Structure formats: C-alpha cells, structure tokens
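A.B. asks:
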Amino acid sequence: MKRKEIKRTPLAETVLRSLEPDDKLYRVKDGPNQLHFTVAANGAKRWEVRFKRPDGKWSWLGVGGYPAVSAKFARKQADLIQAQVSDGKDPREVRRAEEAAKKALIEHPFSESCEYWYNKKLDDGYAKSTAKQMRGYLDNDILPELGNIPIKQITPKQCADLQHKIELSQSFDKSKKVRQALNQIFRYAIGRGICETNPASELRYIAKRRGGKTPFPHLLEPELPDFLRAVESSTSRTQTVIAMKMTLFTASRPGMVVKAEWTHVNLDLALWVVPEGNMKNRTQHIVPLPVQLVALLKKLKEMTGRSRYLFPSIGPKNPTMPTDSINKMLRGIGYKGRLTGHGSRHTASTLLHEHGWQHYHIEAQLSHKMPGVAGVYNQAAYLEARRVMMQWYADYLDALRKGLTEKQKKKFEQRVVEAMIRYRPVEPGQQVAA
C-alpha cells in the first residue's frame, strides 16, 4: 500500500503491515497525540512521537520498531510522553533518567548496599561496641568476598560459601551475625528497589551448630515444624502445655511464667505485667500477648481462674507448678538435650534476628540489659513495636507447624519490612512509631 492510499486514522493493522517504502524516509501521523508511523527507504518501520520541548522547540522521540512494538503499546507511550510534556518535563530527559536507573540497578555493587545498611544502623542508634564489631565483619569478611559483585548477580551459593568459610574457623557466633547482616542488607536493598531477591534467606537451613553441649539447648528454624507438631500431640497436662506455649510465644523465662498471677494479666488489653520480684533483673517487665496466647489463657482461666496463680501446683508443697515441669514435658516429647524452656528464648532471638527484626526490640522483649543504651530498657517505650513483632512470631510459628508456603513466606517478609519502616529504635522513653 502507498501512503497516499491511507484514508483514516488511527492506522489499522492491515495498513501498518502493507505500507510500502518510498525513495526517502516518510512519516504518517497516527492520531491526535502526535504519534507517527515511520517507514524507512529500506522498508524498516518504527514508531516516533513528535513533542514540544520546554524551550518551545519541536523534537522527536522513538518508541520502538514495528512489529515488535504494537500499535496499542505505541499509542499508550505517546499518551505518556504528551502527559510528561503537559507537566513541563522533557521526555528525553525522563528517558535518560530511566535508563540510568536501569543501568544502576544492573551495575549496583554489593558494597554500596552494605554501606547504606551500616549507615542506616548508625542513624538508628547502633551501640558503639556493636557498630565496631559489625564494621569488622564488613571489612574483614563480607566485602572482600562479595563487595565488588553487582548485587543482582550474587547467588545463594556465594552466600553459602561465605558462611562455610567462617564456620571452618569455628567462629559460629560470627557466622550467625554475618548471616543476619546479609539478610538485612538484602532486605534493605529490596525495599529500596536495588534488587528483587534475597540470596541469603535460606542460609540458616545449612548453618552448622557449635559442637558440644550448651547451657540452654535450643532449636533453629528448620527443626521447629516437627517440634511444634510434637507439642500439639503432647500427652502432658493441659496446664503444662499452656505454660510451655506461654514461654514460647512470649520468649519469657520459665520462672516468670510459672509465677504469673491472674492479677498480673489483662486479657482485654492482651498484656502481662511481670512485677519486679518475679524478674531476674528486678525491674518490672511488660509483655504483649499474641492473640493465640490470649485464647489459650482464656481456656486456662476456666481451669485455674479461682487460684491466685495461672499455673498452681497440684500438690501442697509449693504454691505454683515447678519450673522443671516445662522441661519434663519437653523430655516427654523427645527433646531431651535438644531444647529447654529457657532455650526457647534463644530460639526466638535467633529466628527474629534472622528475619530482620530490630535488635533493640528483641532485646527489650527478652528484658536484657544493653550496654551503651542507658542500662535497662524502658519497656513501655517499645511496647507497640514488640506487640507487632511477637504477633508476627506467633503467626510464623503457627505457619511453620501447618506447613509454610512460599506465598506465606513472602507475606511474612513484607510484614517485617513494614514494621521496620514504621518502628525504629530510639533512646529509652521516646516514641518509636514513625
């Protein structure tokens, strides 16, 4: 078809396919948005948009070759370009910026994300000792191995090789902290749009454990599904099972749990206020209760609500359930030497750190005294952040027990990212919600 035979616009598909070349390049206007169909002398066809620059001069911007770029897509691009012109923008500059961003995404070295993460931690109030330690891990372990690699090109195997190299030196604490740092660095990068996946997310499944016995044996995430199902199948007394779950869902010391009194618990507010006398550090501790635990305690109240204690003794010797009852239950389901009631605190700390929750909020939940942060935490200051974190933890444990799916895993990761944005560590006594 010759161009003089064209009778209407926008150009039909049959016209686009059959237009013949002339001796010179020519353009045919497609419609009111200044989209033109260009036919070169050699028969090559492409889409171009004519637009007026901010300086008032006319210019052209290519949209793509035909038939690779369809008429429908080209028309949408023409509308977008004219909208940019209406906003006072130069479409050529917009495209240059987009191409530069794509190039940066491809070439962005991992070291840049490491430094961004480290500086963000400093801004969030990293303790000097922690910052010094992590700077050492970055400079001596992470950056020499991965620093110059574009972040999108880093593979799970490269992350696993780094972890294995550290483990060979028997530096298991360092390996754990480096693994946690890698996970957070990649999560921050995903949040910034620098990369799309986290190649360090599964390192915990292949992590080696320190040899020999530990004072408080604890489980890592890969071991939790079987354990949680074993708890559900336990033949121990209902009160003992609930005491174990309360220890697990709140990351509390077993001694705190068995001494809990009904006057300390507000099920309507989902709070447990532990008095000074029941605390190792002799400081009142406020514990948020996840919805799963509130439901269990309502059930427990029907059984022991007339007693002073949540878990009263069944014998006359002591007023409360013996602390070792929880450990006996664990031994009964096959976890002798593998987990203790106190060890479940280590399990919670490890899992929450692995998934990127704020170190300060985890330590506050555990009621730990932090060096360099004005001694013992003001528990109320972190209460809402901890409530969100521990509800996530309870939900995650439930999902592990039932069988965590990839879709669920992504949703749990998104909840962590949202919490990191909303809550940040601050000096005790200040608000933490963003």
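Counting from 0, one number per residue, gives the positions in the sequence shown under numbering that gives the first Met the number 0.
Each residue gets a CB set at the ideal place from its N, CA and C atoms; glycine is no exception.
Note that the structure is a prediction, hence the values are computed from the model and not measured.
1) What do you get for Asn139, buried or exposed, if any count of 16 or more other CB atoms within 10 angstroms of its CB means buried?
2) Please report the distance separating the alpha-carbon of Thr30 from that of Glu97.
3) Are there 16 or more other CB atoms within 10 angstroms of the CB of Ala290, so buried, or fewer, so exposed?
4) Nearest to Pro216 by CA position, among Lys3, Glu353 and Arg330, is which residue?
5) Using C-beta distances below 6 Å, list every residue in its chain close to Val230, excluding the 5 sequence neighbours before and after it, in chain order.
6) Going by DSSP in three states, Gly64 sits in which element: helix, strand or coil?
7) Do you know offhand how far Lys401's Cα is from Pro221's?
8) Out of Leu403, Leu219, His163 and Leu145, which one is the CA nearest neighbour of Phe185?
9) Contact between the segment 149 to 156 and the segment 107 to 126 is defined here as three or more beta-carbon pairs at a separation below 8 Å; is this criterion met?
10) Do you know offhand how far Asp160's Cα is from Thr154's?
11) With a threshold of 8 Å, are at least 3 pairs of Cβ atoms found where one atom belongs to the segment 243 to 256 and the other to the segment 267 to 286?
12) Counting only the same chain and skipping the five closest in sequence on each side, list residues whose C-beta sits under 7 Å from that of Thr213.
13) How big is the Cα-Cα spacing for Arg7 and Asp89?
14) In three-state DSSP terms, what is Phe226?
15) Could you name the residues that DSSP lists as bridge partners for Ile285?
16) Run through DSSP, which three-state label would Glu92 get?
17) Using a 10 Å radius around the Cβ and a threshold of 16 neighbouring Cβ atoms, would you call Gln413 buried or exposed?
C.D. replies: Considering the structure as presented:
1) Taking the sequence shown and counting its residues from 1, the one referred to as residue 139 is at position 140. Flag for Asn139 reads exposed.
2) Counted from its first residue, the sequence shown places residue 30 at position 31. Counted from its first residue, the sequence shown places residue 97 at position 98. Before going on, a small fix: residue 30 reads as Gly here, not Thr. Gly30 and Glu97: Cα-Cα distance of roughly 26 Å.
3) The residue given as residue 290 occupies position 291 in the sequence shown. It is Val, not Ala, that sits at residue 290 in the sequence shown. So Val290 counts as exposed.
4) Start at 1 with the first residue of the sequence shown, and residue 216 comes out as number 217. Of the listed residues, the one whose Cα sits closest to Pro216 is Arg330.
5) Position 231 of the sequence shown holds residue 230. None.
6) Here residue 64 is taken as the residue at index 65 of the sequence shown, counted from 1. Reduced to three states, the DSSP call for Gly64 is strand.
7) Position 402 of the sequence shown, counting from 1, holds the residue named residue 401. Position 222 of the sequence shown, counting from 1, holds the residue named residue 221. Those two C-alpha atoms are separated by around 13 Å.
8) Locating residue 185 in the sequence shown gives position 186, counting from the first residue. Ranking Leu403, Leu219, His163 and Leu145 by Cα distance to Phe185 puts Leu145 first.
9) yes
10) Working through the sequence shown from its first residue, we reach residue 160 at position 161. Working through the sequence shown from its first residue, we reach residue 154 at position 155. Their backbone Cα atoms lie some 10 Å apart in a straight line.
11) yes
12) For the purposes of this step, residue 213 is taken as residue 214 along the sequence shown, with counting starting at 1. Only weak support is given to the placement of Thr213: the predicted model assigns it a pLDDT of 49, under 50, and the value that follows is read from those uncertain coordinates. Nothing meets the Cβ criterion.
13) Indexing the sequence shown from 1 puts residue 7 at position 8. Indexing the sequence shown from 1 puts residue 89 at position 90. Cα to Cα, the separation comes out at about 30 Å.
14) Indexing the sequence shown from 1 puts residue 226 at position 227. DSSP places Phe226 in helix when its eight states are reduced to three.
15) Within the sequence shown, residue 285 is the residue found at index 286, counting from 1. Beta-bridge pairing links Ile285 to Val272.
16) By 1-based counting over the sequence shown, the position of residue 92 is 93. Reduced to three states, the DSSP call for Glu92 is helix.
17) Reading the sequence shown from its first residue, position 414 is the one you call residue 413. Label assigned to Gln413: exposed.
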